[in-house]
Structures are given as C-alpha cells and as structure tokens.
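The block underneath contains the structure these notes are about, expressed in structure tokens.
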Amino acid sequence: MARNDQELKAAKNAYKEAVATGNRREEARWANVMGDLLRRRGEYVEALRWLRIDYDVSVKHLPEKHLLPTCQSLGEVYLRLESFEDALVYQ
293 MARNDQELKA
303 AKNAYKEAVA
313 TGNRREEARW
323 ANVMGDLLRR
333 RGEYVEALRW
343 LRIDYDVSVK
353 HLPEKHLLPT
363 CQSLGEVYLR
373 LESFEDALVY
383 Q
C-alpha cells in the first residue's frame with residue numbers, strides 16, 4: 293500500500309505543477325492518473341472526483357479525441373458504483 297501512496301502523491305504533485313504552469317493536456321492527464329489509481333484502490337467516489345476534473349478540462353481545452361479515455365474511465369467507475377444510467381452516458 294505504501295507504494296500506491298507514493299504513486300498518488302507523485303501524481304498529485306505532477307497535477308499541481310501542470311495547473312501552476314497552465315499545461316491543460318498534462319492537467320487532464322494527471323487528473324486521469326489520479327482517478328485510475330484511486331479506482332484501483334476501490335475509492336470510487338474520490339476517483340470520480342478526479343475523473344470529472346479530467347473530463348471538464350478535456351471538454352473545455354483539448355481536442356475531442358482526448359475524451360475517449362476519460363469517458364471510458366468515467367463509465368467504468370459509474371458502473372462499479374452501480375449508477376447504470378450514468379455509466380451508459382459515458383460508455
């Protein structure tokens with residue numbers, strides 16, 4: 293578990309750096325990494341928060357092709373939360 297905590301800390305620091313420098317692509321990418329790490333830990337609600345950050349940044353600032361992995365991740369987390377209608381929206 294300590295390794296996973298280190299990964300979370302590193303990803304969060306990278307996310308903060310991307311926000312500070314205004315690098316939207318990296319901001320979205322690191323928010324997605326945070327969401328994925330939390331999903332793998334079973335922390336679905338917190339994962340959802342980070343994946344929504346990824347989605348919002350991607351919709352506002354990135355080309356549409358960047359939405360596919362974000363939507364797949366959101367759909368998977370909603371499915372695990374048994375929120376089937378929301379899962380279908382993103383899948």
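For the sequence shown, this note's numbering begins at 293 and goes up steadily by one.
Don't be surprised by glycine CBs; every beta carbon is placed ideally from N, CA and C.
At which residues does the alpha helix (DSSP H) containing residue i begin and terminate?
| i | result |
| --- | --- |
| H353 | Y336 to H353 |
| K301 | A294 to T313 |
| E318 | R316 to R333 |
| Q364 | L359 to R372 |
| E356 | Where E356 is concerned, there is no enclosing alpha helix (DSSP H), given that its DSSP letter is neither H nor E. |
Do you know offhand how far residue i's Cα is from residue j's?
| i | j | result |
| --- | --- | --- |
| E368 | E374 | 10 Å |
| A339 | R316 | 19 Å |
Check whether the Cβ atoms of residue i and residue j lie closer than 8 Å to each other.
| i | j | result |
| --- | --- | --- |
| L366 | M326 | no |
| L354 | A320 | yes |
| W322 | Y336 | no |
Within 10 Å of its beta-carbon, does residue i have 16 or more other beta-carbons around it, so buried, or fewer, so exposed?
| i | result |
| --- | --- |
| V349 | buried |
| A387 | Outside the shown range of the chain, which is 293 to 383, sits residue 387, and nothing can be said about it. |
| T313 | exposed |
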